[in-house]
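Notes follow the structure.
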Amino acid sequence: MASGIKDKVAIIGMGCSRFGERWDVGTEQLINEAFGEALKDAGIEPSQINAAWFGSALDQANVGNSAIPLSTALRLQGIPVTRVENMCATGTEALRGATYAVASGAVDIALAVGVEKLKDTGFGGLPVPTKGTFNDLWIPYCSAPAGFAQLAAGYRSRYGVSKEELKQAMARVSWKSHVNGAKNPKAHLRKEVSMETILAAPIIADPLGVFDCCGVSDGAACAIVTTPEIARALGNYELVTIKALQLSASSGREAGTNQWDGSYVQNTRLAAKAAYKEAGIDDPRKQLSLMEVHDCFSITELVTMEDLGMSDDGQAWRDILDGKYDADGKVPCQIDGGLKCFGHPVGASGLRMVYEHYLQLLNRAGDRQLVSPSMGLSHNLGGVPYNSVAAISIVGLL
Numbered sequence: 023m024a025s026g027i028k029d030k031v032a033i034i035g036m037g038c039s040r041f042g043e044r045w046d047v048g049t050e051q052l053i054n055e056a057f058g059e060a061l062k063d064a065g066i067e068p069s070q071i072n073a074a075w076f077g078s079a080l081d082q083a084n085v086g087n088s089a090i091p092l093s094t095a096l097r098l099q100g101i102p103v104t105r106v107e108n109m110c111a112t113g114t115e116a117l118r119g120a121t122y123a124v125a126s127g128a129v130d131i132a133l134a135v136g137v138e139k140l141k142d143t144g145f146g147g148l149p150v151p152t153k154g155t156f157n158d159l160w161i162p163y164c165s166a167p168a169g170f171a172q173l174a175a176g177y178r179s180r181y182g183v184s185k186e187e188l189k190q191a192m193a194r195v196s197w198k199s200h201v202n203g204a205k206n207p208k209a210h211l212r213k214e215v216s217m218e219t220i221l222a223a224p225i226i227a228d229p230l231g232v233f234d235c236c237g238v239s240d241g242a243a244c245a246i247v248t249t250p251e252i253a254r255a256l257g258n259y260e261l262v263t264i265k266a267l268q269l270s271a272s273s274g275r276e277a278g279t280n281q282w283d284g285s286y287v288q289n290t291r292l293a294a295k296a297a298y299k300e301a302g303i304d305d306p307r308k309q310l311s312l313m314e315v316h317d318c319f320s321i322t323e324l325v326t327m328e329d330l331g332m333s334d335d336g337q338a339w340r341d342i343l344d345g346k347y348d349a350d351g352k353v354p355c356q357i358d359g360g361l362k363c364f365g366h367p368v369g370a371s372g373l374r375m376v377y378e379h380y381l382q383l384l385n386r387a388g389d390r391q392l393v394s395p396s397m398g399l400s401h402n403l404g405g406v407p408y409n410s411v412a413a414i415s416i417v418g419l420l
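Take the sequence shown: its position 11, counted from the start at 1, is 33 in my numbering, and no numbers get skipped.
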């Protein structure tokens with residue numbers, strides 16, 4: 023039976039660019055901004071990296087279809103570099119590739135990089151049909167807000183929550199992210215917004231208003247990983263190790279059968295169950311110190327709290343309004359501003375989440391530093407609730 027990867031891989035360096043509308047730089051500069059910080063943090067030379075994984079999901083105009091842009095940007099001569107893409111789970115997928123390579127003993131030191139320059143792509147609007155491919159059977163031509171607004175309808179129907187109550191809880195999710203993002207110098211959006219402003223914002227896809235939706239950002243993030251033994255030999259004694267990396271993808275069940283009522287995301291529940299088992303977590307509400315979840319829309323974060331087992335089914339909206347996930351709550355969520363305010367360059371987001379945990383665990387988070395955190399969970403959700411890929415990464419102190 024597989025033993026998993028718990029504590030077999032340590033993170034020795036991480037970096038993250040400033041997220042935002044980065045019209046002044048190109049994709050290569052974003053990559054180097056993140057990589058330079060990670061390399062300095064790790065205290066190694068580029069020549070010591072044995073392999074790299076490169077995640078980019080939507081930026082084909084700048085990145086193309088291969089991993090060559092990464093090896094060129096960083097002058098990674100003569101080592102294997104692999105391009106990965108898995109919608110919004112792309113950054114975590116890059117980390118998974120690098121982590122598995124180290125855990126297997128195939129390489130000593132590996133690099134994971136995620137980048138997206140979405141502002142240059144003009145990304146937005148309705149999905150583009152893929153000319154009759156199998157994927158078209160499962161993704162109707164609707165906008166992302168419309169796809170996720172269905173979560174709100176399903177949730178209200180199942181649990182009998184009023185529209186006003188749910189709207190208040192969703193607003194609290196966004197309000198919290200703006201409060202946290204204001205303390206983060208690398209965040210795209212750094213202005214606090216009042217509950218009244220959030221509630222009064224124009225509707226995009228009922229009940230999602232403007233402030234219930236994350237924006238479109240440019241940015242990059244990266245991680246350098248190795249074994250704990252090599253990390254110590256390099257002089258790292260306070261180690262952040264990977265406890266679990268799990269992923270679940272849709273099989274067509276949600277969209278093609280009547281077995282799903284639209285009130286939850288099955289793939290998040292499956293990935294979380296596997297990740298908790300791999301990390302040895304039997305009570306996530308007590309064992310997790312902080313979370314970064316895929317708050318592409320405020321309703322997504324609310325439902326994810328139940329999918330991760332952090333709130334009882336039908337009760338996340340109450341927990342949110344009670345401040346359970348605020349910066350001073352029981353389990354802070356989106357302490358860096360989340361997708362909502364840090365930003366969402368699709369290929370970078372999974373690694374950006376782990377970057378925040380890494381800083382928090384090593385007490386390097388500045389004004390947003392929590393008191394003695396020990397373990398953090400990151401969650402990505404790619405696609406739409408009825409056709410998705412969910413990724414969970416858990417990191418903690420060794």
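Don't be surprised by glycine CBs; every beta carbon is placed ideally from N, CA and C. Note that the structure is a prediction, hence the values are computed from the model and not measured.
Local Cβ density within 10 Å of residue i, reported as buried at 16 or more and exposed below that
i    : result
Q82  : exposed
S25  : exposed
G405 : buried
A166 : buried
Y259 : exposed
E55  : buried
K308 : exposed
E186 : exposed
D350 : exposed
N206 : buried
N202 : buried
N87  : exposed
W339 : buried
E107 : buried
G127 : exposed
A255 : exposed
E378 : buried
Under 8 Å between C-beta atoms of residue i and residue j
i    : j    : result
I264 : V31  : yes
P91  : D240 : no
L261 : L381 : no
T121 : V247 : yes
D358 : A209 : yes
M332 : P306 : yes
G365 : F41  : yes
A174 : P229 : yes
L312 : S415 : no
A111 : L269 : yes
G345 : E314 : no
A79  : G372 : no
H401 : T290 : yes
A116 : V103 : no
I33  : A245 : yes
M192 : L403 : no
S196 : K362 : yes
A60  : G37  : yes
Residue closest to residue i, alpha-carbon to alpha-carbon, out of the options
i    : options                : result
S396 : A301, A128, D317, S320 : A301
V287 : G257, V353, I53, I321  : I321
T94  : T49, A171, D130, I66   : T49
G237 : S410, L256, E251, L211 : L211
G6   : K205, T143, L384       : What the structure shows of the chain is the stretch from 23 to 420, and residue 6 is not part of that stretch, so it cannot be assessed.
Q70  : V201, R194, I101, Q356 : I101
L330 : A412, E378, M375, A253 : A412
S410 : L61, G169, F76, V353   : G169
I226 : Q337, Q172, K295, R386 : Q172
A253 : D63, E59, G37, V47     : D63
Q190 : A222, S179, A73        : A222
A20  : L188, S184, R118       : In this structure the chain extends from 23 to 420, so residue 20 is not present and cannot be described.
E43  : L399, G37, W75, D142   : D142
Neighbourhood of residue i by C-beta distance below 6 Å, restricted to the same chain and skipping five residues each side
i    : result
D348 : K198
Y408 : E276, A277
R194 : I342, L343
A242 : S39, L52, I53, A56, V137, A370
G284 : Q172, G176
W45  : none
F319 : F170, L230, D234, C235
K430 : Since the first and last residues shown for the chain are 23 and 420, residue 430 lies out of range.
Y181 : G336
8 Å Cβ shell around residue i - same chain, five flanking residues per side excluded
i    : result
Q281 : R275
V124 : K30, V31, D130, I131, A132, V247, T248, T249
L392 : S311, L312, A349, P354, I357, Q382
Contacts around residue i, its chain only, beta-carbon distance under 7 Å, and the 5 residues preceding and following it disregarded
i    : result
D335 : E328
A294 : D329, L330, G331, I414
L159 : Only weak support is given to the placement of L159: the predicted model assigns it a pLDDT of 47, under 50, and the value that follows is read from those uncertain coordinates. Correct list: empty, nothing qualifies.
V232 : A223, P224, I226
message: If we require 4 or more residues per run, which alpha helix (DSSP H) segments fall completely within the segment 269–313?
response: 275–278, 288–301, 306–309
message: List, from N- to C-terminal side, the beta strand (DSSP E) runs of 3 residues or more that fit wholly inside the segment 79–119.
response: 103–106
Start-end ranges of the beta strand (DSSP E) lying completely within the segment 312–362, minimum 3 residues: 312–314
field: Minimum length 4: unbroken alpha helix (DSSP H) runs contained in the segment 193–227
entry: 217–222
task: Could you name each continuous beta strand (DSSP E) segment of 3 residues or more that falls completely within the segment 382–416, going from the start of the chain to the end?
output: 397–406
- prompt: Could you give the uninterrupted runs of the alpha helix (DSSP H) lying entirely in the segment 221–265, keeping only those of 4 residues or more?
  reply: Contiguous alpha helix (DSSP H) elements confined to the segment 221–265 occur at 250–255, taking only those with 4 or more residues.
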